[in-house]
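Let me begin by presenting the structure, written as C-alpha cells, before commenting on it.
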Amino acid sequence: MNTVHAKGRAVRTAALMIVGTFAFYFATVGAVPAIGRHMEDGRLQWMRGSSAASTALQVYEWPARRLAGLPAVHCLFELSAAFWCCITDAPETTG
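Numbering (this note's numbering), first residue to last: 26 to 120.
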C-alpha cells in the first residue's frame, strides 16, 4: 500500500513541477517583447549591441512562437506581453 501512495505522490509531484514550469514560462515569456521595446528606445542600450543577449531572447521566445498558432495559447502569450509592457512601461511600437 505504501508503494502505491509513493508512486501516486511521485506522479503528482512530477505533474505539479511540469505545470509549474509551463506556468512560469507563460508568465515570463511576455517580458521578451517589453525588453525588445526597451532595447529599441535606448533604455537597454547595452543589450542592443550584445549578440548574446539578443540570441538568448530569441531562444527563450522560440517555443512561444511555435505554440502561438493555438488560439488559447496565443491569448495567454498576449496577456503576458501586455502585463510586462504595462509593468515595465515599455514604449508603444505601433503608430
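Every residue gets a Cβ at the ideal spot worked out from N, C-alpha and C, and that includes glycine.
Bear in mind the structure is a predicted one, so any value in this text is a computation, not a measurement.
| Asked | Found |
| --- | --- |
| Using the Cβ count rule (16 or more neighbours within 10 Å means buried), how would you classify Glu86? | buried |
| Among Arg91, Ala52, Phe47, which residue has its Cα nearest to the Cα of Cys110? | Ala52 |
| Assign Arg37 to one of two classes, buried (16 or more other C-beta atoms within 10 Å of its C-beta) or exposed (fewer than that). | exposed |
| Between Asp66 and the rest of its own chain, which residues show a CB-CB distance below 7 angstroms, the 5 nearest in sequence each way excluded? | Pro116 |
| Specify, as a first and last residue, the run of the alpha helix (DSSP H) that Ala93 falls within. | Where Ala93 is concerned, there is no enclosing alpha helix (DSSP H), given that its DSSP letter is neither H nor E. |
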